[in-house]
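Protein chains: 2
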Amino acid sequence: MALTVVGSIAFDSVTTPFGEREKMLGGSAVHFSLAASYFTDVRIVGPVGDDFTETELGLLEGREIDTSDIERVPGGETFYWKGSYGFDLNTANTEETRLNVFGEFEPKLSNDSASADTIFLANIQPSLQRQVRRQCSSASFSALDSMNLWIETARDELVEAISEVECVLVNDAEIRQLTDQPNLARAARAVMEMGPEVVVAKQGEYGAALFTRKGFFALPGFPLEDVRDPTGAGDSFAGGFLGYLDGEAGTVDESKLRRAMAYGTVMASFNVERFGTERVAELGRDEIESRLEALRAMTAFEGS
Amino acid sequence: MALTVVGSIAFDSVTTPFGEREKMLGGSAVHFSLAASYFTDVRIVGPVGDDFTETELGLLEGREIDTSDIERVPGGETFYWKGSYGFDLNTANTEETRLNVFGEFEPKLSNDSASADTIFLANIQPSLQRQVRRQCSSASFSALDSMNLWIETARDELVEAISEVECVLVNDAEIRQLTDQPNLARAARAVMEMGPEVVVAKQGEYGAALFTRKGFFALPGFPLEDVRDPTGAGDSFAGGFLGYLDGEAGTVDESKLRRAMAYGTVMASFNVERFGTERVAELGRDEIESRLEALRAMTAFEGS
Numbered sequence: 001m002a003l004t005v006v007g008s009i010a011f012d013s014v015t016t017p018f019g020e021r022e023k024m025l026g027g028s029a030v031h032f033s034l035a036a037s038y039f040t041d042v043r044i045v046g047p048v049g050d051d052f053t054e055t056e057l058g059l060l061e062g063r064e065i066d067t068s069d070i071e072r073v074p075g076g077e078t079f080y081w082k083g084s085y086g087f088d089l090n091t092a093n094t095e096e097t098r099l100n101v102f103g104e105f106e107p108k109l110s111n112d113s114a115s116a117d118t119i120f121l122a123n124i125q126p127s128l129q130r131q132v133r134r135q136c137s138s139a140s141f142s143a144l145d146s147m148n149l150w151i152e153t154a155r156d157e158l159v160e161a162i163s164e165v166e167c168v169l170v171n172d173a174e175i176r177q178l179t180d181q182p183n184l185a186r187a188a189r190a191v192m193e194m195g196p197e198v199v200v201a202k203q204g205e206y207g208a209a210l211f212t213r214k215g216f217f218a219l220p221g222f223p224l225e226d227v228r229d230p231t232g233a234g235d236s237f238a239g240g241f242l243g244y245l246d247g248e249a250g251t252v253d254e255s256k257l258r259r260a261m262a263y264g265t266v267m268a269s270f271n272v273e274r275f276g277t278e279r280v281a282e283l284g285r286d287e288i289e290s291r292l293e294a295l296r297a298m299t300a301f302e303g304s
Numbered sequence: 305m306a307l308t309v310v311g312s313i314a315f316d317s318v319t320t321p322f323g324e325r326e327k328m329l330g331g332s333a334v335h336f337s338l339a340a341s342y343f344t345d346v347r348i349v350g351p352v353g354d355d356f357t358e359t360e361l362g363l364l365e366g367r368e369i370d371t372s373d374i375e376r377v378p379g380g381e382t383f384y385w386k387g388s389y390g391f392d393l394n395t396a397n398t399e400e401t402r403l404n405v406f407g408e409f410e411p412k413l414s415n416d417s418a419s420a421d422t423i424f425l426a427n428i429q430p431s432l433q434r435q436v437r438r439q440c441s442s443a444s445f446s447a448l449d450s451m452n453l454w455i456e457t458a459r460d461e462l463v464e465a466i467s468e469v470e471c472v473l474v475n476d477a478e479i480r481q482l483t484d485q486p487n488l489a490r491a492a493r494a495v496m497e498m499g500p501e502v503v504v505a506k507q508g509e510y511g512a513a514l515f516t517r518k519g520f521f522a523l524p525g526f527p528l529e530d531v532r533d534p535t536g537a538g539d540s541f542a543g544g545f546l547g548y549l550d551g552e553a554g555t556v557d558e559s560k561l562r563r564a565m566a567y568g569t570v571m572a573s574f575n576v577e578r579f580g581t582e583r584v585a586e587l588g589r590d591e592i593e594s595r596l597e598a599l600r601a602m603t604a605f606e607g608s
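Chains as they are written, first to last, in this note's numbering: chain E, 1 to 304; chain X, 305 to 608.
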């Protein structure tokens, strides 16, 4: 099986109460790819500028991520984000955003990328998400992320994009905002009525909830005493979730979706333990499995 | 086994987007007692005024709650709270609070109430919680709730009260505030260092998390499309949690604590489905068990 992700490749400068980093590799497609790379073959599609070097490429290729559809824009600079987190780490304060080459991004997928079984449309303009979805006509499972900006400025286009994917994977606040429905169960049902069969509501430190036509499932965030940098946690969640689904043979069913939620939770927890990609780029599969088992032990209870 | 709760008995006037009620029976000790009454013998201790009638008494006694320690203050009026909830139901807007007889409350426990095995010190002044805890010297398991008011105005007394109970059961925001520690796992550990062996962080619609010296456990809120009135949900949670623990033979262990969390979650979910005590006063044990099984099915996943 194969998984293609289309989204941002970035340099992030991040300050948290636990340290700071200048221009480290980031972006939704990067965090997603690294997390997914533990489960399946991943292709990353996104634009970079001249400042993107062999070092960054090497980090991705070290995880055997196919980088041949990374588009190099001559004379351009890579998307740059600078932000900080306060004491509670729940809210990012954006200090600077330079879209650079990402502002003009028009996804061009090679045949190999376009023929993936699974695709993740990271948080980009809904019209671009639709273009990519159309190019990947053989994909059996596609998911998209989005954000308040697109709900506010491109709602109709976003609803169209949602109608064309199998899965929506966004923050719970965005599900409520999109559907104008504060009750999350009703909001998720309203999203399913737009088309998707699977809705994943990311809830930050509270974990994530899965809604399907058949039922509901939820997991808490993995409890950690040391959280250093939450940047990319949602994309690492998505990478674990979709990477696992793509790596498993056969059709997506409830049981696989639940394990996918667990792998998403595990990958997000590794993501936040260190800055940027530092932790997720260097994992062993055994660490992933043992954290999954720990999560299972933390959420199980016996009937009466 | 027997369980005594000390706290407020109130009349609540509540408006939500789904309706309104005038002067219905409420208060933390009431919501707690009703939820706990499905699991064990409950005694309620709290003050009421002349406006507390046989109707309210009958509602409690209909659930076989022992009301003999309800203190009637001649010429007084019962604690009154008036509040409303907006579209998202997460934040109560207090419109009026009249402490009335609750303002002068000095808990006096009969021998029967004082000899309970389990006690719940609902959200009252920490110095009163300590008085009650001392009166119940034979209780093997005691828990307290609290709020931001006491953290801000009576912190030292609250820390003393906490040091004298086995379990703290409060909102997660209060655990962070009390310990000045935004990381919940660290904050819970800091509370355990004050004395208790069990810390339960209530997280509203996101569920609840259990911290003990041995581990961590968490459950999501039970997903409901129809939430009408969240008033009393936290106390119903506590009632299910402590009621179940008290009703089970033998010492409190991890496995029982987890099932107690599940019963707490279930009772809170019933609480919010209708106004005030309307739903929890009229349950069947079969409804409770089948919702517990549903919750278990919603949170289980298989290992890989």
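No residue lacks a Cβ here, since even glycine has one placed at the ideal position from N, Cα and C.
Neighbour list for residue i in chain E, Cβ cutoff strictly below 7 Å
{"i": "Asn487(X)", "result": "Glu225, Val227"}
{"i": "Ala678(X)", "result": "In this structure chain X extends from 305 to 608, so residue 678(X) is not present and cannot be described."}
Amino acids of chain X, ordered along the chain, whose beta-carbon sits closer than 9 Å to that of residue i
{"i": "Arg259(E)", "result": "Phe605, Glu606, Gly607, Ser608"}
{"i": "Asp88(E)", "result": "Arg480, Pro486, Asn487"}
{"i": "Ser255(E)", "result": "Phe605, Glu606"}
Cβ neighbour criterion (16 or more within 10 Å) applied to residue i
{"i": "Asn183(E)", "result": "buried"}
{"i": "Asn475(X)", "result": "buried"}
{"i": "Gly568(X)", "result": "buried"}
{"i": "Gly240(E)", "result": "buried"}
{"i": "Ala489(X)", "result": "buried"}
{"i": "Asn100(E)", "result": "buried"}
{"i": "Thr118(E)", "result": "buried"}
{"i": "Lys506(X)", "result": "buried"}
{"i": "Glu193(E)", "result": "exposed"}
{"i": "Gly588(X)", "result": "exposed"}
{"i": "Asp305(E)", "result": "Within the shown structure, residues of chain E are numbered from 1 to 304, placing residue 305(E) beyond reach of any answer."}
{"i": "Thr308(X)", "result": "buried"}
{"i": "Ser37(E)", "result": "buried"}
{"i": "Ala249(E)", "result": "exposed"}
{"i": "Glu408(X)", "result": "exposed"}
Inter-residue spacing [alpha-carbon to alpha-carbon] between residue i and residue j
{"i": "Gly536(X)", "j": "Val584(X)", "result": "10 Å"}
{"i": "Thr212(E)", "j": "Val165(E)", "result": "14 Å"}
{"i": "Glu197(E)", "j": "Ala300(E)", "result": "26 Å"}
{"i": "Ala333(X)", "j": "Val45(E)", "result": "58 Å"}
{"i": "Asn427(X)", "j": "Leu448(X)", "result": "7 Å"}
{"i": "Pro524(X)", "j": "Gly75(E)", "result": "49 Å"}
{"i": "Leu60(E)", "j": "Pro321(X)", "result": "51 Å"}
{"i": "Arg434(X)", "j": "Asp286(E)", "result": "48 Å"}
{"i": "Ala522(X)", "j": "Ala542(X)", "result": "15 Å"}
{"i": "Ala420(X)", "j": "Phe343(X)", "result": "15 Å"}
{"i": "Gly519(X)", "j": "Met298(E)", "result": "8 Å"}
{"i": "Glu410(X)", "j": "Gly26(E)", "result": "59 Å"}
{"i": "Arg43(E)", "j": "Leu245(E)", "result": "15 Å"}
{"i": "Cys471(X)", "j": "Val168(E)", "result": "40 Å"}
{"i": "Arg437(X)", "j": "Glu360(X)", "result": "27 Å"}
{"i": "Thr357(X)", "j": "Met328(X)", "result": "12 Å"}
{"i": "Asn452(X)", "j": "Arg480(X)", "result": "10 Å"}
{"i": "Thr78(E)", "j": "Gly234(E)", "result": "21 Å"}
{"i": "Ala513(X)", "j": "Ile313(X)", "result": "27 Å"}
{"i": "Asn556(X)", "j": "Gly390(X)", "result": "Per the sequence shown, the amino acid found at residue 556(X) is Val instead of Asn. So the two alpha carbons sit approximately 39 Å from each other."}
{"i": "Ser442(X)", "j": "Phe315(X)", "result": "32 Å"}
Partner residues on chain X for residue i, Cβ-Cβ distance less than 7 Å
{"i": "Phe216(E)", "result": "Pro527, Met602"}
{"i": "Ala173(E)", "result": "Under the 7 Å cutoff, chain X gives no residues; its nearest Cβ is about 10 Å from Ala173(E)."}
{"i": "Glu293(E)", "result": "Gly607"}
{"i": "Pro230(E)", "result": "Under the 7 Å cutoff, chain X gives no residues; its nearest Cβ is about 12 Å from Pro230(E)."}
{"i": "Pro47(E)", "result": "In chain order: nothing, as chain X lies at least about 35 Å away."}
Proximal residues of chain X, C-beta to C-beta of residue i below 8 Å
{"i": "Arg186(E)", "result": "Glu529"}
{"i": "Pro74(E)", "result": "Ordered by position in chain X, no residue passes the 8 Å Cβ test against Pro74(E), which lies about 44 Å from the chain."}
Partners in chain E for residue i, counting only beta-carbon separations shorter than 8 Å
{"i": "Pro430(X)", "result": "By Cβ distance, chain E contributes nothing, its closest Cβ being about 26 Å from Pro430(X), past 8 Å."}
Taking one C-beta from the stretch 220 to 228 of chain E and one from the stretch 268 to 282 of chain E each time, how about it: are there three or more such pairs within less than 8 Å? yes
Taking only runs of the beta strand (DSSP E) that begin and end inside the stretch 105 to 179 of chain E, which ones reach a length of at least 3 residues, in chain order? 118 to 121, 141 to 144, 167 to 171
Check each residue of the stretch 188 to 212 of chain E: if its Cβ is closer than 9 Å to any Cβ of chain B, include it; give the result in chain order. You won't find chain B in this structure, because its protein chains are E and X.
Can you list, in chain order, the stretches of the alpha helix (DSSP H) that have 4 or more residues and sit fully within the stretch 15 to 57 of chain E? 28 to 36
Taking contact to mean 3 or more Cβ pairs, one atom from each stretch, closer than 8 Å, check whether the stretch 360 to 374 of chain X and the stretch 393 to 409 of chain X are in contact. no
Touch check for the stretch 123 to 136 of chain E and the stretch 149 to 168 of chain E: three-plus C-beta pairs under 8 Å? yes
At what residue ranges does the stretch 177 to 210 of chain E contain a whole run of the beta strand (DSSP E), taking only runs of 3 or more? 198 to 202
Is it true that the stretch 246 to 266 of chain E meets the stretch 554 to 563 of chain X, where meeting means three or more beta-carbon pairs spaced less than 8 Å apart? no
Whole runs of the alpha helix (DSSP H) within the stretch 201 to 266 of chain E, excluding any shorter than 4 residues: 233 to 247
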